[in-house]
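Enquirer: Residue numbers (our numbering): 2 to 189.
One structure, pasted below without further comment.
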């Protein structure tokens with residue numbers, strides 16, 4: 002995806018041959034503002050908005066199971082957008098603050114939000130937790146430029162990346178001048 006220019010998602014074959022582009026600058030369904038992380042969701046879940054719109058069933062694959070869905074972190078629109086693999090807009094997953102990218106572990110999705118928190122999303126695409134919420138919706142948090150001793154343990158400043166390890170612990174990398182990596186240990 003072109004997150005700092007035309008805001009299009011460009012699709013290619015495995016051999017690098019161009020297929021199509023979709024998206025483009027805007028806030029309407031299918032349009033994007035600063036698309037960042039792109040993820041192929043194979044969990045088979047639907048969103049509440051998709052379930053409520055009984056006009057279109059969820060896409061299915063050749064076996065009749067739910068087809069994979071492309072999820073895009075639509076950063077400046079503060080949402081995730083879901084697309085079919087041919088680029089057709091399906092729906093939104095709302096409730097984010099500058100989402101960056103994704104990682105998955107056992108049906109749970111972790112989404113770092115530059116606005117000072119990390120969001121966990123279940124297999125029904127519902128936000129189930131906001132971790133380390135700074136309470137500061139200013140993505141250009143002045144703490145980004147401060148020395149490490151000014152950081153508050155347990156509160157995020159600008160999470161930019163997050164991933165699970167095989168045990169379900171989460172590692173969060175923040176966009177701060179001195180660098181910061183936080184391990185969130187799974188306890189249950």
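Quick reminder that beta carbons are idealized off the backbone N, C-alpha and C, glycines included.
Mapping the DSSP letters down to three states, classify residue 175 as helix, strand or coil.
Expert: Three-state DSSP puts residue 175 in a strand.
Enquirer: Just mark residue 13 as buried or exposed, buried being the case when its beta carbon has 16 or more other beta carbons within 10 Å.
Expert: The residue is exposed, with fewer than 16 neighbouring Cβ atoms inside 10 Å.
Enquirer: Once DSSP output is grouped into helix, strand and coil, what is the label at residue 145?
Expert: Residue 145 falls in the helix class under three-state DSSP.
Enquirer: At least one CB of chain C closer than 7 Å to the CB of residue 36: is that the case?
Expert: Here chain C cannot be found, since the structure has a single protein chain.
Enquirer: Have a look at residue 64 and residue 45 and give me their C-alpha separation to the nearest angstrom.
Expert: Any reading at residue 64 needs caution, since the residue's pLDDT is 45, under 50, leaving its predicted position unreliable; the model's value is listed next. If you take the alpha carbons of residue 64 and residue 45, they lie about 13 Å apart.
Enquirer: If I follow the unbroken beta strand (DSSP E) through residue 11, where does it start and stop?
Expert: From DSSP, the beta strand (DSSP E) with residue 11 extends over 9 to 13.
Enquirer: For residue 2, collect the residues of the same chain with a Cβ closer than 6 Å to its Cβ; drop the 5 residues on either side in sequence, then sort them by chain order.
Expert: So the list reads 10, 36, 39, once near-sequence residues are dropped.
Enquirer: Does residue 28 pass the burial test, meaning 16 or more other C-beta atoms within 10 Å, or should it be called exposed?
Expert: So residue 28 ends up on the exposed side.
Enquirer: Under three-state DSSP, which class holds residue 52?
Expert: Any reading at residue 52 needs caution, since the residue's pLDDT is 48, under 50, leaving its predicted position unreliable; the model's value is listed next. If DSSP states are grouped into helix, strand and coil, residue 52 belongs with the helices.
Enquirer: Considering only residues of the same chain and omitting the five flanking positions on each side of residue 104, which have a CB-CB separation below 7 Å?
Expert: Excluding sequence neighbours, residue 104 sits near 111, 163, 164, 165.
Enquirer: Taking only the alpha-carbon atoms, compute the straight-line gap between residue 120 and residue 24 and give it to the nearest angstrom.
Expert: If you take the alpha carbons of residue 120 and residue 24, they lie about 24 Å apart.
Enquirer: In whole angstroms, give me the CA-to-CA distance for residue 202 and residue 157.
Expert: Any question about residue 202 goes unanswered here, given that the chain covers just 2 to 189.
Enquirer: Assuming residue 75 contacts residue 34 under a Cβ cut-off of 8 Å, what Cβ separation, rounded to an integer in Å, is found between them?
Expert: Contact holds; Cβ gap of about 6 Å.
Enquirer: Cα separation between residue 127 and residue 81?
Expert: Those two C-alpha atoms are separated by around 11 Å.
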